[in-house]
Amino acid sequence: AVSCTSLLDDGHPIKLLPLEILRLFCELWILKVDHVDHKLGVICKKLLSQNADFQSTIKQFVHVVVAYIF
1 AVSCTSLLDD
11 GHPIKLLPLE
21 ILRLFCELWI
31 LKVDHVDHKL
41 GVICKKLLSQ
51 NADFQSTIKQ
61 FVHVVVAYIF
């Protein structure tokens, strides 16, 4: 399993799972609404909702990101 490590203020590491990383990214993305494509904001809001269908929503996210890049 892939994980990312971050440090607390006291220097102790915190392990973040990929889903947590994605949710943190989405929260930051939503905060920058003025600088973000509307579709990605909607997809991020779906991911953060309580009844998110993670698999289909992540496919939409990847599709929009790939289309946006290319």
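Going by full-length UniProt numbering, 36 is the number at position 36 of the sequence shown; the sequence numbering is gapless.
Heads up, the beta-carbon is just placed ideally off N, CA and C, and yes, glycines get one too.
Here the structure is a predicted model, which is why all the values come from computation and not from measurement.
Check your understanding: Is the CB-CB distance between LEU40 and TRP29 below 8 Å?
Key -> Remark: C-beta atoms of LEU40 and TRP29 approach each other more closely than 8 Å.
Check your understanding: Where does SER56 sit, in a helix, a strand or coil, going by DSSP?
Key -> helix
Point to revise | Residue interval of the alpha helix (DSSP H) (run including LEU47) | key: That run of the alpha helix (DSSP H) goes 38-48.
Review point. In or out: LEU47 buried (at least 16 other Cβ within 10 Å) or exposed?
Key: buried
**Study point:** LEU22, DSSP secondary structure in three states
**Key:** LEU22: helix per DSSP, three-state reduction.
Exercise for review: In angstroms with no decimal places, state the Cα-to-Cα distance between ALA67 and VAL42.
Suggested key: Whole-angstrom Cα-Cα distance: 16 Å.
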